[in-house]
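Peer 1:
Residue numbers (the numbering used here): 578 to 928.
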C-alpha cells in the first residue's frame, strides 16, 4: 500500500501533525512518511513525548518504524495489524501524557478487546491538555459519540521532572455517532480541581478561592475541589475548570502555577480563560474544537460544532485528516465559529 506523505512543516508545523498522522495511519493500517517534523519549533524534530507516541502507536500496530529517535525530522511508520490488551509506556521526562493519549485513543477504540494503558510522564505541563481536562471535558463529550473510555490519575507529574502516572481504559466501539453541537444552551454550573503537589495546602486553596471569586458573576453554582498531594516529584500546582450546559455540553480551561506566580493569579487566569470561552457563545472551547475533528471525520454522517475560534491547529488538523480520509472540512470563522464535516462512518475492519 502506498504511503501517505505528510509535510510536517505545514501550517503551525507542530506535534499535532505527528499525532493525527500516527492515529490515522494506525487506524487505516496505511503507511505514512512525515518529513520536516516540528520544523517551525525552537527545538525541531522528535522530542521525548513525540517519541513515546511513536513507540506507543508502533506497539499497538506491530509497526515497522524508521527515524524514531530524538531530534529526527523524518519518520516512516508502517503499521501491520491492530492490537489490544495491556500496555505500559514511559515518556521518561515531563513530556505530556495527554498528548500520548490523543495518539492512542482512536486506535484503541476500534480494537477487538478492552485495553488498559499505563503512561508515565507529565500530567500537568505547559502547552498540553491536563489529565483533568481529558477526564472532565474531552471524555465526557466523546462519550456522547459512543466512546467508552476513562482515565485514572494515580500520580501527578509537573515540568521539569515529570513522574506522573495515569491509567487509560478503553472499551471497543463499533462506530461513532455524529454530533450536532451548534447550540450550546445555558451554563448551569462550573466545576473544577485546584491542586498543589509538594507545596503547602493553602496554595491549592488560594487558587480555588480566586477562581471562584472571578466566576461569581456567572450566577451559577461554582464547585472547585481542592487537592493536596505530597506523592509527586513536584513541586507543582494548577487549576482546571469546566462549565456544564443544560444541553449536556462542556467547555474547559486551565492554568498552571510557576515559580514567582501568586496562587491567586493562577486561579484568576483559569477563570478568565473559561469566561472568554463562555462569552463566545460556542458549544466547544477552542482546544476541544481541535481535538474533536478526528472523531467527527470518523463518525457516521454529517457533524457540526460551534467553537470559540478556528485555530491554526484546527486548520492543520483538517489538512492531515483530509490526506487520509475522503472528507472535506468546512471551517467558518465567526463568533462563534463553525466546524463541520461529513464523516466516513469508520468501522473496525480486519486486523
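No residue lacks a Cβ here, since even glycine has one placed at the ideal position from N, Cα and C.
Note that the coordinates shown come from a computational prediction; the quantities given were computed from them, not determined experimentally.
#1: Given this structure, state the Cα-to-Cα distance separating residue 849 from residue 883, to the nearest angstrom.
#2: Buried or exposed for residue 615, going by 16 or more other Cβ atoms inside 10 Å?
#3: Roughly how many angstroms lie between the CA atoms of residue 843 and residue 709, to the nearest whole one?
#4: Closest by CA to residue 647, which one among 659, 633, 620?
#5: My output table needs one value for residue 879: the three-state DSSP class, helix, strand or coil.
#6: Determine the contact status of residue 994 and residue 585, defining contact as a CB-CB distance below 8 Å.
#7: Using 8 Å as the threshold, is the C-beta distance between residue 602 and residue 656 below it?
#8: Leaving out five residues before and five after residue 824 in sequence, what residues of the same chain have Cβ atoms less than 6 Å from its Cβ?
#9: Taking the beta carbon of residue 679 as the centre, do at least 16 other beta carbons fall within 10 Å, making it buried, or is it exposed?
#10: Which partner residues does residue 699 have in the DSSP bridge list?
#11: Is the beta carbon of residue 809 closer than 8 Å to that of residue 756?
#12: Return the first residue and the last residue of the alpha helix (DSSP H) that residue 896 is part of.
#13: In chain order, what residues of the same chain have a beta carbon less than 6 Å from the beta carbon of residue 858, not counting five sequence neighbours either side?
#14: May I ask which residues mark the beginning and end of the alpha helix (DSSP H) holding residue 712?
#15: Return the residue from the list 736, 817, 622 that minimises the CA-CA distance to residue 711.
#16: For the alpha helix (DSSP H) that contains residue 760, what are its first and last residues?
#17: Taking residue 810 as part of the beta strand (DSSP E), name the residues at either end of that continuous run.
#18: Go to residue 741, then tell me how far its beta strand (DSSP E) extends in each direction, as first and last residue.
#19: Which residues mark the beginning and the end of the beta strand (DSSP E) in which residue 983 is found?
#20: Check for me: the alpha helix (DSSP H) holding residue 916 runs from which residue to which?
#21: Mapping DSSP to helix, strand and coil, what is residue 597?
#22: Nearest by alpha-carbon distance to residue 579: which of 630, 622, 663, 654 is it?
#23: Rounded to whole angstroms, what is the Cα-Cα separation between residue 886 and residue 597?
#24: What's the gap between the Cα of residue 666 and the Cα of residue 796?
#25: Which value, in whole angstroms, describes the spacing of the CA atoms of residue 928 and residue 606?
#26: So, is residue 643 buried or exposed, given that buried needs 16 or more other C-beta atoms within 10 angstroms?
#27: Identify the residues that DSSP records as bridge partners of residue 620: which are they?
#28: Compute the Euclidean distance between the alpha carbons of residue 822 and residue 800, then round it to the nearest angstrom.
#29: Give the range of the beta strand (DSSP E) segment to which residue 725 is assigned.
Peer 2: Once the coordinates are examined:
#1: The count along the chain shown starts at 1 and reaches residue 849 at position 272. The count along the chain shown starts at 1 and reaches residue 883 at position 306. Approximately 20 Å, taken between the alpha carbons.
#2: Position 38 of the chain shown holds residue 615. Around the CB of residue 615, 16 or more other CB atoms lie within 10 Å, so the residue is classed as buried.
#3: The residue labelled residue 843 in the question sits at position 266 within the chain shown. The residue labelled residue 709 in the question sits at position 132 within the chain shown. Taking the straight line from one Cα to the other gives about 16 Å.
#4: Taking the first residue of the chain shown as position 1, residue 647 is located at position 70. Nearest of 659, 633, 620 to residue 647, Cα basis: 620.
#5: Position 302 of the chain shown, counted from the start, is the residue given in the question as residue 879. Three-state DSSP puts residue 879 in a strand.
#6: The chain is shown only over 578 to 928; residue 994 falls outside these bounds and no answer can be derived.
#7: Position 25 of the chain shown holds residue 602. Position 79 of the chain shown holds residue 656. Yes, Cβ-Cβ distance for residue 602 and residue 656 is below 8 Å.
#8: In the chain shown, counting from the first residue as 1, residue 824 sits at position 247. Counting only Cβ-Cβ distances below 6 Å, and skipping sequence neighbours, we find 762.
#9: For this step, residue 679 is matched to residue 102 along the chain shown. Residue 679 should be labelled buried.
#10: To locate residue 699, count along the chain shown from 1; it is residue 122. 673, per the DSSP bridge assignment.
#11: In the chain shown, counting from the first residue as 1, residue 756 sits at position 179. In the chain shown, counting from the first residue as 1, residue 809 sits at position 232. No, Cβ-Cβ distance for residue 756 and residue 809 is not below 8 Å.
#12: As a working mapping, residue 896 is identified with position 319 in the chain shown. Segment 889-901, the alpha helix (DSSP H) holding residue 896.
#13: Counting from one through the chain shown, the residue named residue 858 turns up at place 281. Contacts found: 913.
#14: Along the chain shown, one-based indexing puts residue 712 at 135. First-last for residue 712: undefined, no H or E at that position.
#15: One-based indexing of the chain shown puts residue 711 at position 134. Among 736, 817, 622, the Cα nearest to that of residue 711 is on 817.
#16: Here the question's residue 760 lines up with position 183 in the chain shown. Looking at the DSSP string, residue 760 is not in any alpha helix (DSSP H), and its letter there is neither H nor E.
#17: Stepping through the chain shown from its first residue, residue 810 is reached at position 233. From DSSP, residue 810 is part of no beta strand (DSSP E); its letter is neither H nor E.
#18: For this step, residue 741 is matched to residue 164 along the chain shown. Unbroken beta strand (DSSP E) run through residue 741: 741-748.
#19: The chain is shown only over 578 to 928; residue 983 falls outside these bounds and no answer can be derived.
#20: Here residue 916 refers to the residue found at position 339 when the chain shown is read from its first residue. Premise fails: residue 916 lies in the beta strand (DSSP E), 914-921, not in any alpha helix (DSSP H).
#21: Stepping through the chain shown from its first residue, residue 597 is reached at position 20. Residue 597: helix per DSSP, three-state reduction.
#22: Here residue 579 refers to the residue found at position 2 of the chain shown. Cα-wise, what sits closest to residue 579 is 654.
#23: To locate residue 886, count along the chain shown from 1; it is residue 309. To locate residue 597, count along the chain shown from 1; it is residue 20. The straight-line gap from Cα to Cα measures roughly 20 Å.
#24: As a position in the chain shown, residue 666 is number 89, starting the count at 1. As a position in the chain shown, residue 796 is number 219, starting the count at 1. Going by the C-alpha atoms only, they are around 43 Å apart.
#25: By one-based count along the chain shown, residue 928 stands at place 351. By one-based count along the chain shown, residue 606 stands at place 29. Caution applies to residue 928, whose pLDDT of 41 falls short of 50 and renders its modelled position unreliable; the value that the coordinates give is listed next. Answer to the nearest angstrom: the Cα atoms are 9 Å apart.
#26: For the purposes of this step, residue 643 is taken as the residue at position 66 of the chain shown. Looking at its Cβ environment, which holds fewer than 16 other Cβ atoms inside 10 Å, residue 643 is exposed.
#27: Here residue 620 corresponds to residue number 43 of the chain shown, with the count starting at 1. Note: residue 620 sits in no beta bridge, so no partner.
#28: By one-based count along the chain shown, residue 822 stands at place 245. By one-based count along the chain shown, residue 800 stands at place 223. Each residue's Cα considered, the two are about 15 Å apart.
#29: Stepping through the chain shown from its first residue, residue 725 is reached at position 148. Looking at the DSSP string, the run of the beta strand (DSSP E) that includes residue 725 is 725-732.
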